[in-house]
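In this note's numbering, the protein residues as written are 233 to 371.
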């Protein structure tokens with residue numbers, strides 16, 4: 233599962249709970265906090281530093297998904313949801329970086345411009361980003 237690949241990658245990079253936190257938010261309105269916690273425990277992530285597993289009401293989840301351009305839809309045949317994978321980096325309330333539909337590894341470090349602020353983690357982390365000057369097109 234994607235969460236395990238993400239956990240392995242972030243474990244290798246270090247800094248979770250110190251330099252950054254990871255929020256795994258369920259968008260399934262049927263999920264309750266107990267179910268999400270049990271899911272995290274099954275994967276051995278419940279007590280890892282920096283990992284937060286949560287639920288929210290459908291209205292807030294939809295607004296957050298819209299802000300990130302994330303889509304999800306019910307799949308009645310599987311009684312589950314169809315959706316891409318997504319990881320986003322935020323700093324100071326601003327979205328710095330979004331990885332969607334990509335495998336996560338310490339070697340997958342695309343260079344994307346920051347949209348605002350500075351990265352919260354150091355350059356050795358895959359969440360790091362380049363600062364882009366739109367006026368001069370310099371990085």
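Built from N, CA and C at the ideal position, the CB exists for glycine as well.
Per-residue burial, residue i [other beta carbons within 10 Å of its own, 16 or more giving buried]
{"i": "residue 347", "result": "Interpretation of residue 347 is limited by its pLDDT of 35, a score under 50 that renders its predicted location unreliable; no figure is taken from the coordinates."}
{"i": "residue 300", "result": "exposed"}
{"i": "residue 321", "result": "buried"}
{"i": "residue 262", "result": "exposed"}
{"i": "residue 323", "result": "buried"}
{"i": "residue 250", "result": "exposed"}
{"i": "residue 310", "result": "exposed"}
Where residue i falls: helix, strand or coil (DSSP)
{"i": "residue 251", "result": "coil"}
{"i": "residue 300", "result": "helix"}
{"i": "residue 242", "result": "helix"}
{"i": "residue 343", "result": "The predicted position of residue 343 is uncertain, since its pLDDT is 37 and thus under 50; no value can be drawn from it."}
{"i": "residue 288", "result": "coil"}
Opening and closing residue of the alpha helix (DSSP H) in which residue i lies
{"i": "residue 274", "result": "265-274"}
Bridge-paired residues (DSSP) for residue i
{"i": "residue 306", "result": "313"}
{"i": "residue 259", "result": "Answer is none; residue 259 lacks a bridge partner."}
{"i": "residue 323", "result": "326"}
Residues near residue i by beta carbon distance below 6 Å, same chain, minus five either side
{"i": "residue 303", "result": "none"}
Residue i - containing beta strand (DSSP E), residue span
{"i": "residue 277", "result": "First-last for residue 277: undefined, no H or E at that position."}
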